[in-house]
Every structure is written in C-alpha cells, then in structure tokens.
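A quick write-up on the structure given underneath.
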Amino acid sequence: MTKSIADQNLPLIARRMDRVSSFLAMDVLSAAAAKERRGDSVIHMEVGQPSAAAPRAAREAAKAALDLGRIGYTEALGIASLRERIAKHYRETYGVSIAPERVVVTTGSSAGFVLAFLSLFDAGQRVAITAPGYPAYRNILEALGIEPVVIPLNKADGWIMTAKAIEKAHAAKPLHGILAMSPANPSGTMIGRKALAELGEICRRLGLWFVSDEIYHGLTYGDAASTALASDDDAVVINSFSKYYCMTGWRIGWIVVPERLVRPIERLAQNLYISPPYLSQVAALAAFDATEELEAVKAGYARNRAYLLEELPKIGIAEMHPVDGAFYIYADIARYTNDSIGFCKRMLEETGVAATPGLDFDPIEGAHYMRLSFAGSENDCRETVERLRGWLK
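First residue of the sequence shown: 39, per the numbering used here; consecutive thereafter.
Listed below in structure tokens is the structure:
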C-alpha cells in the first residue's frame, strides 16, 4: 500500500517532537498526587505556584461578571481597560511610560512566549537561553523549529546571563535573539539594573531581539527588580498574573512589544487563541487593587525563605544560587547524588517531600541539583526540614 504524504512526513514530525522534553516538575506533581491517592502524606515543594488564593477583589470581580450572564469573546489583544491599567503599572512601578496599545493580554505567559517567538523568529534561527533555565523555553522553541542556544551560567558571573557571554556565543555562530529571566526560575537569582542594561545594549549593537521574562517581578526580598524596558524600549517583555498575583489557574498574562509588532501579533492571537478569557481579564484588572493582600502573601514567602536559608545548611544543603526573588531554592546536592531524578524520586517515596530534579532546568549540571519551592505554608517548610534531617544522613 502506498503511504500518504502525511504518513511519509510522520518520521520528520516525530523527530522534532522527540526534542520536546517532558516537564519534570509536572511529572513529579503527578507522582505526588498518586502517592496522596494511596493515603500517604506529601509536602509539595515541587511546583512553582502560590498556595494562597487569588485576591479577594479579583474573585469578587469575576463573580460579578459571571452574574451578568454573558461571558463572550473580547478583542484578541485584550480588553482596553486592562491594557490601560497594565501601562499605568509600568509608570507607577518603574517610571517607564508605554502606550496601552503596546500591551497584549495573553492566555498566561505561556501563550505570550508562543506569540513572541512566532512573531520574532523564523524556523532555524537561533535564540540564546540559559542553563539552568525554565524548561518550557527550550521546549517551545524546539516545537516551533527554532534552535535554542544554551548559555551555561557560572558562579563567577553571579549565575546570570551576561553581555560578554552573548557576544562570545554570537561570535561563534550568529544569534537572532536572547531570552533572559529575572528573577530567574529555578533559582530566584536577579539580573541587576546595570547588567540588564548591558544585555539590552549588546542586543542593539548586534541586531538581536531581546526577550525579557519578568513574571516574578514583585517577588523580591532586597532590591526591586528592573524592567528591560527601562533601558531598551525595543525589548519584548513577558509577564503574568500567575506568581505575584496568585492567579496561576486563571491563565492570564501580558506582553509589551514594540509598536511595529502589535498588528502581526494581533493576527497570530486572533487565529491561535481568539481572545484571552473574559472572566480572567476582569479578575486581573481588579487584582491591581489588592496590593495590601498580596504583600501579606509575599511576607509569608519571605519568612519561608529566611527559615530555609538558615536551616537547610544545617542538614547538609548549603550550596545554592542566590535567592534574590521568586520563591525557589536551587540547591546543589552533589554530596548526595549525581542523579537528581533518582534522588527526588526516592525522596518522595521515602519522606513524602516532593521536589523538582535539576535536570528539568539544566540537562547537564542539573544532575546534581534540585529545586525547592517555598510558595507553600510555613508549616510545610518546617516539616520539610524535619523530614529531610534524618533522611540525608
């Protein structure tokens, strides 16, 4: 029987999809959920989502909109009032003035990455990302046929992407863009204002697109995070209501883009997503007025962070990247293992503590790292230390 053209192309499609790895944090979550279904106790330190509910104002706004009865499509770029409020947020928080028309509301930051990558890069082009780094970057780029170029981070540079590293990578083989994140996942490490400006400068000099992931802004424990837009008006900035605003399941985020990209991204958004969810947009608009409630949640993270930074070294987990922001600890566990997947699996089975293997974030050095999320309760953090105290001996 003669194979169809579609059948003949299956090996090509399969090879490309084979390069898209599983999201190990979600695999750990599934294993932890299975353990809980068996009646076992689990402390969830694996997934980067706040344990707090969405702000009361956001929930009440969504309820009020739901009571009106009609929940329909919106403009593909989002409702005007939310885009205007996000633009105001940049003026209030960073002193940066942007036109509301440059704001694109998205179905979570994940949709923002897809829209940004599709609008900025062609298949086969090369984009610099870091190791360690958020695994979905690599996987989305691979799925779109764009080549991720891994820039290994190192202690000498403060575990951040630097302009010098980008210039070196570009000289070896030309890049078309870079993707930086501050505060970072999995570490919480921040790129300072000067280093961020230097990334923007090198991108302008080399003719590269600069994509800045800022979804953990608001969650810092010393200096406030800087936006790439403060030094580079051409930067493409991605943000979300998931982390600081405690709205992971609402799937709502935004990107800020140069004016010339608005219409191309609008066409993509119309065809890929039609529009962001209306109820989530209404809730997100109200979330901007919940600062007092959200800062109280953040204060809880700060207490968890302080406790873990003091107690983890006492039980043998002393080496970690700087925890400047977000709600993660990226810990070196080389003294215990060079198989972080096996280590985290045994830890879950034997102690009930769920953590994400470092290989999710770094395919090489991640073999001796694990990520712990302290977005849960103070009791969870204390119980984690107690369970691991005896197990790590």
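Backbone N, C-alpha and C define an ideal beta-carbon position, used for all residues, glycine too. Keep in mind it's a predicted model, so treat the numbers as computed, not measured.
- For residue 99, the closest alpha carbon among the candidates 323, 74 and 63 is that of 323.
- Among the bridge pairs identified by DSSP, residue 168 is matched with 189.
- According to the DSSP assignment, residue 429 belongs to no beta strand (DSSP E) but to the alpha helix (DSSP H) extending over 416-429.
- A distance of 8 Å or more separates the beta carbons of residue 186 and residue 198.
- A residue is called buried when at least 16 other Cβ atoms come within 10 angstroms of its Cβ; residue 362 meets this threshold and is buried.
- Counting of Cβ neighbours within 10 angstroms places residue 256 among the buried residues, the total reaching 16 or more.
- DSSP places residue 199 in the coil class of the three-state scheme, outside both helix and strand.
- The beta carbon of residue 66 is closer than 6 Å to those of 84, 392 and 394 in its chain, skipping five residues each way along the sequence.
- Residue 368 is a Cβ neighbour of residue 359, given a cutoff of 8 Å.
- Secondary structure of residue 400 (DSSP, three-state): coil.
- A contact is defined here as three or more CB-CB pairs under 8 Å, and the region 90-104 fails this definition with respect to the region 292-310.
- Within the DSSP bridge table, the entry for residue 144 names 291 as partners.
- The beta-bridge partner set that DSSP reports for residue 389 is empty.
- Sequence-distant Cβ neighbours of residue 207 in its own chain, meaning closer than 7 Å and more than five residues away, are 166, 187, 189 and 213.
- In this model, residue 226 and residue 220 are separated by some 7 Å (Cα to Cα).
- Between residue 274 and residue 290, the C-beta spacing is not below 8 Å.
- Bridge partners of residue 93 according to DSSP: none are assigned.
- Membership of residue 407 in any alpha helix (DSSP H) is not indicated; the residue belongs instead to the beta strand (DSSP E) covering 407-411.
- Excluding residues up to 5 positions away in sequence, 231 and 234 lie with their Cβ nearer than 6 Å to the Cβ of residue 264 in the same chain.
- Collapsing the DSSP output to three states places residue 272 in coil.
- In the structure shown, residue 128 falls within a helical segment according to DSSP collapsed to helix, strand and coil.
- Of the other Cβ atoms in all chains shown, 16 or more fall within 10 Å of the Cβ of residue 414; this residue is therefore buried.
- Counting every other CB atom within 10 Å of its CB across the protein chains shown gives residue 336 a total of 16 or more, marking it as buried.
- With a threshold of 16 other beta carbon atoms within 10 Å, residue 87 meets it and is buried.
- A residue is called buried when at least 16 other Cβ atoms come within 10 angstroms of its Cβ; residue 238 meets this threshold and is buried.
- Counting only the Cα atoms, residue 107 lies some 44 Å from residue 260.
- Separation of residue 135 and residue 63 (C-alpha to C-alpha, rounded to the nearest whole angstrom) is 37 Å.
- Cβ neighbours of residue 312 within its own chain (closer than 8 Å, five residues either side excluded): 111 and 114.
- Annotation: residue 128 to residue 138 spans about 10 Å, alpha carbon to alpha carbon.
- Note on geometry: alpha-carbon atoms of residue 162 and residue 149 lie some 21 Å from one another.
- A direct Cα-to-Cα measurement between residue 200 and residue 109 gives close to 45 Å.
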